[in-house]
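Colleague:
Residue numbers (my numbering): -4 to 128.
1) Excluding five sequence neighbours on each side, which residues of the same chain lie with their C-beta closer than 7 Å to the C-beta of residue 54?
2) According to DSSP, simplified to helix, strand and coil, what is residue 133?
3) Rounding to the nearest angstrom, what Cα-Cα distance links residue 30 and residue 89 in this structure?
4) For residue 0, does the count of other Cβ atoms within 10 angstroms reach 16, so buried, or fall short, so exposed?
5) Report the rounded CA-to-CA distance for residue 91 versus residue 48, giving the unit in angstroms.
6) With distance defined between alpha-carbon atoms, name the residue in 76, 52, 101, 24 nearest to residue 61.
7) Could you give the C-beta distance for residue 78 and residue 104, rounded to a whole number, given that I count them as a contact under 8 Å?
8) Please check the pair residue 86 and residue 56, which I expect to be a contact at CB under 8 Å, by giving their CB distance rounded to whole angstroms.
9) Since residue 29 sits in a beta bridge, which residues does DSSP pair it with?
10) Once the 5 residues before and after residue 58 are set aside, which same chain residues still bring their CB inside 7 Å of it?
11) Determine the burial state of residue 28: buried for a count of at least 16 other Cβ atoms within 10 Å of its Cβ, exposed for fewer.
So, in structure tokens, the structure goes:
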């Protein structure tokens, strides 16, 4: 019996991946970033194909700045066991600020949680940098 537990623990730890490390972000001081020119083309090329409408399971909507600011939700959109309807989460209708979306259970994809602002651990940046590797 003890042998089975040891094998299972080794197997499960071998299947895990290391946590992402924060990335050093360097923006030249004279460079201004534009969502339309610098960010939106990357999102359109890599993300919008799956995250451009309300049918995305996490409800992340990358086709607009407001959708990116809203973030994503862990509430299941497609839940066959649900008997009652849930409150809708329509962009521009059901909440008008980032704080209201956070109260509805949406989490940020772009905010930095590191104290050192020269590093960024946002989920969006981690996914984009992982794509480059």
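Every residue gets a Cβ at the ideal spot worked out from N, C-alpha and C, and that includes glycine.
Modeller: Working from what's here:
1) Counted from its first residue, the chain shown places residue 54 at position 59. 67, 68, 72, 84, listed in sequence order.
2) Since the first and last residues shown for the chain are -4 and 128, residue 133 lies out of range.
3) Counting from one through the chain shown, the residue named residue 30 turns up at place 35. Counting from one through the chain shown, the residue named residue 89 turns up at place 94. About 24 Å.
4) The residue you call residue 0 lines up with position 5 of the chain shown. Classification for residue 0: exposed.
5) To locate residue 91, count along the chain shown from 1; it is residue 96. To locate residue 48, count along the chain shown from 1; it is residue 53. Going by the C-alpha atoms only, they are around 18 Å apart.
6) Position 66 of the chain shown, counted from the first residue, corresponds to residue 61. With distances taken between Cα atoms, residue 61 lies closest to 101.
7) Position 83 of the chain shown, counted from the first residue, corresponds to residue 78. Position 109 of the chain shown, counted from the first residue, corresponds to residue 104. With 8 Å as the limit, residue 78 and residue 104 do not qualify as a contact, their Cβ atoms being about 30 Å apart.
8) Counting from one through the chain shown, the residue named residue 86 turns up at place 91. Counting from one through the chain shown, the residue named residue 56 turns up at place 61. Yes, they are in contact, since the Cβ atoms of residue 86 and residue 56 sit about 6 Å apart, within 8 Å.
9) As a working mapping, residue 29 is identified with position 34 in the chain shown. Partner(s): none; residue 29 has no beta bridge.
10) On the chain shown, position 63 is the one that residue 58 refers to. Result list for residue 58: 43, 47, in chain order.
11) Here the question's residue 28 lines up with position 33 in the chain shown. The residue is exposed, with fewer than 16 neighbouring Cβ atoms inside 10 Å.
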